[in-house]
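Below: one structure, written as structure tokens.
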Amino acid sequence: MLYQAPSQAEYDRFITPTGALTAEAIAFWQQRPEACAVLEEWKNFATYGELPTLFSTFSLLAENCHSSLPPGPNFQLDAQPAVARVVGFHHLALRAGVTAADFDRFMIENVARIDDYPGWKFHMLKGTGGNRREQYAVMLVLESLDSLNSFHPAMNVSTEKSLTFVKNHQESERMYDEWRTMASFSGAPQMYTDYLTIAGNVD
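And the structure:
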């Protein structure tokens with residue numbers, strides 16, 4: 628599950644630093660008994676995004692603002708064509724001797740050098756809390772599963788389309804080389820998971 632809030636202050640209105648509901652959140656759900664009934668049915672099938680489920684919170688440190696991925700929801704059935712994006716999380720850690728302030732500064736000052744694949748968008752997230760607190764994570768939002776497979780159909784596999792793109796965008800590769808001197812890089816052998824969106828709330 629991925630929750631997105633417009634700011635830390637808005638998130639803190641409803642969720643405490645330990646992951647519990649605030650008084651405002653409890654009142655919110657008390658006013659929506661039909662939604663609560665749906666969530667109770669959900670819990671018959673799988674865990675839900677509440678304690679004691681493991682969770683991490685992140686703030687947006689930097690993003691690629693010249694991505695070709697159009698704005699909009701990650702999932703929408705009534706769109707033409709329907710939207711079912713892929714969201715990838717790649718977990719990172721700093722190298723010994725590198726401070727968070729140094730890496731933050733590098734990423735903020737150099738993110739504009741990144742050229743994403745067409746239909747992809749790069750975000751660098753910084754861990755802020757949770758009962759499984761992380762240092763950093765790359766969040767990649769892809770327009771579709773077909774788009775993912777057209778560049779990387781399997782782990783450590785790059786298509787000719789991917790190799791051609793890399794060849795034509797060497798400034799991005801130079802930025803990535805600098806990144807690797809400061810922290811682990813996204814993708815194998817680091818821990819990562821790509822998720823296909825199957826539902827979403829666009830309200």
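Using the numbering used here, read the sequence shown as starting at 628 and increasing by one per residue.
Built from N, CA and C at the ideal position, the CB exists for glycine as well.
Taking one beta carbon from each stretch, the stretch 675–682 and the stretch 706–715 have fewer than 3 pairs nearer than 8 Å; the two do not touch.
Pairing N737 with M809 gives a Cβ-Cβ distance that is not under 7 Å. Put simply, of A739, F655, V710 the residue whose alpha carbon is nearest the alpha carbon of I825 is V710. Within its own chain, the residues whose Cβ lies closer than 7 Å to the Cβ of E770, once the five positions on either side in sequence are excluded, are L696, R712, G746, listed in chain order. Here DSSP, grouped into helix, strand and coil, assigns K794 to helix. Distances from the CA of S789 to each of V665, L823, F778 were compared; the closest alpha carbon is that of F778.
DSSP, read as helix, strand or coil, puts S777 in helix. L721 and P698 have their C-alpha atoms roughly 31 Å apart. With 16 or more other Cβ atoms from the protein chains shown falling within 10 Å of its own Cβ, A689 counts as buried. The DSSP-derived three-state label of Q817 is coil. If you check the CB distance, N795 and I741 do not come in under 7 Å. Taken atom to atom, the span from the alpha-carbon of Q631 to that of A647 is near 17 Å.
Judged by DSSP in its simplified three-state form, K788 adopts helix. Of the residues assessed, S634 falls on the exposed side of the cut-off, its CB having fewer than 16 other CB atoms within 10 angstroms.
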